RNA sequence: GCGCCCUUAGCUCAGUUGGAUAGAGCAACUGCCUUCUAAGCAGUGGGUCGGAGGUUCGAAUCCUCCAGGGCGUACCA
């Protein structure tokens, strides 16, 4: 049992004893050491319930509190009625010891064991290479998945795509035209076709393989198929490079083939949510409190994206997941409310569907904005970014900000291999530790020796230990709130505490007993940094 | 017009779900390498938490209004 658990248990029993309901115990870490390690505002919360002064209630709680020295060394009343708890150092050391035993497992939990989650992200149609905009969603999605796995979820990573429709026809036609151009024909290339150089590459590959035998092929089918295969292969390669892979590629087409699309319209119609106007089929969102109705099937007979999206979400719900997550960019903000409304109107639960919307990425270089346009050729692909700054930096920068804040990706900063770059700051702490551990082995110290952890009394050591043992709570909170940046912030703080410790406390010294204790401490730091970076999909190098 | 998001130090951003004196990193200035990696550490300066009300013991955090910025508001995805 940890000190924190002990305190909560004691406070809860106080509430129970006084038959107080509707008040929950909030125990938080303190900002300032003079307020101890944990504080609760319970007395102030109870002031109204008990109709007594907070300070008096605090006194009552203090008197009822069983002060067990192996968990709590001191309990003080402060300010308007805070109860400040000082954790016993014995308990700190025993938690540190647990950390060392758990090693790779430290930070992981089984709190959500047995639950299944599905997370859909990237989901770009195969019309071109992944861009930086996709990158943020990709890294965010994968990291949320990793976090959910860390607290016990079984996670399915899913990519939803559509290889039919207008976009893909234009793609095929783009390749066909480039193919003819490459063969020397003088043909103009429309502005609204895909301008990227990758289209020419695909055309050249076709020439390599088929020569000019496709010249009179009037249909762009083969061009489309080749483009799709080629682009998808590239997308998968990019994702692999980012450090993960998808479990399911879900083709929108299968929803049509299985009649799921028609079924949605039919069922909604039965419930009176469908109307035909101007030769189009409308979903009557206005009946559900929205300001306007939405078209589900165009007058051309083609469905809008909302219809298959609804069918897809129905399928996801039917697959029985405990948690369904969609990761979208801010430009899709308008798409999900009516889709969820449709799913709900069909009688399915939607409470367990979480939509994570991330804001855009702005690339800057030395303060200047780097302009990008997907249609034109001047966008920077995710691969080019990784070529430029590396995978670790790419992932870190995409994760370091809250997802609903705009991300300013400073290329110049990302490129610097120096102290200015926060990724290296964290990795450097890990590398430094590895280096000391190697040296320790050379000098005959062994980590296996029994450590007298109680020798770790310096303030820098105590702070480090306290931060280390709070890692599991950070992971849990980060996962349950779908906020990967919390782990990033945590690791940066940990690295900072370590670097401070490093300059003040010499690990390998004449004092063997202290040296061994400190070796255990830095081993613990190494474990947590490695585990944390692993959650983010970032490497923990042993040398830099 | 309407919807969602954002506004915290000169710049880029954290802020433990409502707590005690609001914190980092850059940038500026000043120190610290014959000692385990200086990709590091220590120090100085820098704030009306966009503005105004409200809720309460207590607000950067919750509610309302206003201002500024981003993204949407298609029979595009």
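Residue numbers (this note's numbering): 12 to 555. Think of the CB as a built atom: it goes at the ideal place given N, C-alpha and C, for glycine as much as any other residue. All values derive from a computational prediction rather than experimental measurement.
- DSSP places residue 531 in the uninterrupted alpha helix (DSSP H) bounded by 523-547.
- Secondary structure at residue 98: strand, using DSSP grouped into helix, strand and coil.
- If you draw a straight line from the Cα of residue 137 to the Cα of residue 197, it is about 28 Å long.
- With 16 or more neighbouring CB atoms inside 10 Å of its own CB, residue 499 falls in the buried class.
- In the DSSP assignment, residue 84 falls within the beta strand (DSSP E) that extends over 83-89.
- Listed as beta-bridge partners of residue 166 by DSSP are 128.
- Unbroken alpha helix (DSSP H) stretches of 4 residues or longer found wholly inside the region 271-300: 271-281, given in chain order.
- Here residue 178 is exposed: its Cβ has fewer than 16 other Cβ atoms, across all protein chains shown, within 10 Å.
- Nearest in C-alpha terms to residue 442, of all of 550, 70 and 68, is 550.
- Within the same chain, and ignoring the five residues on either side of residue 241 in sequence, the residues whose Cβ sits closer than 6 Å to its Cβ are 213.
- Of all C-beta pairs linking the region 151-164 to the region 112-122, three or more are shorter than 8 Å, placing the two stretches in contact.
- Look at residue 369 here: in three-state DSSP terms it is strand.
- The criterion of a C-beta distance shorter than 9 Å is satisfied by residue 369 and residue 415.
- When rounded, the separation of the alpha-carbon atoms in residue 338 and residue 451 is 46 Å.
- Comparing alpha carbon positions, the residue from 340, 349, 496 and 356 closest to residue 411 is 496.
- Residue range 418-421 is occupied by the beta strand (DSSP E) that includes residue 418.
- In this structure, residue 503 lies away from residue 552, with their beta-carbon atoms at least 9 Å apart.
- Restricting attention to 218, 516, 181 and 216, the CA atom closest to the CA of residue 200 is found in 181.
- Residue 483 counts as buried, since no fewer than 16 other beta carbons sit within 10 angstroms of its beta carbon.
- When rounded, the separation of the alpha-carbon atoms in residue 257 and residue 156 is 11 Å.
- Of the candidates 207, 68 and 237, 237 places its Cα closest to the Cα of residue 220.
- With a cutoff of 9 Å on beta-carbon distance, residue 87 and residue 79 are scored as not near each other.
- Under a 10 Å Cβ-count criterion, residue 222 is classified as exposed, with fewer than 16 other Cβ atoms of the shown protein chains found around its own Cβ.
- With distances taken between CA atoms, residue 548 lies nearest to 152 out of 514, 152, 509 and 291.
- CA-to-CA, the gap between residue 491 and residue 334 works out to about 11 Å.
- Exposure of residue 419 is indicated by the presence of fewer than 16 other C-beta atoms within 10 angstroms of its C-beta.
- If you check the CB distance, residue 132 and residue 149 come in under 9 Å.
- Residue pairing by DSSP puts residue 262 in a beta bridge opposite 172.
- Annotation for residue 458: 530, 531 and 534 place their beta carbon closer than 7 Å to its own, counting only its chain and skipping 5 residues before and after.
- If you draw a 10 Å sphere on the C-beta of residue 154, you find 16 or more other C-beta atoms in it, and that means buried.
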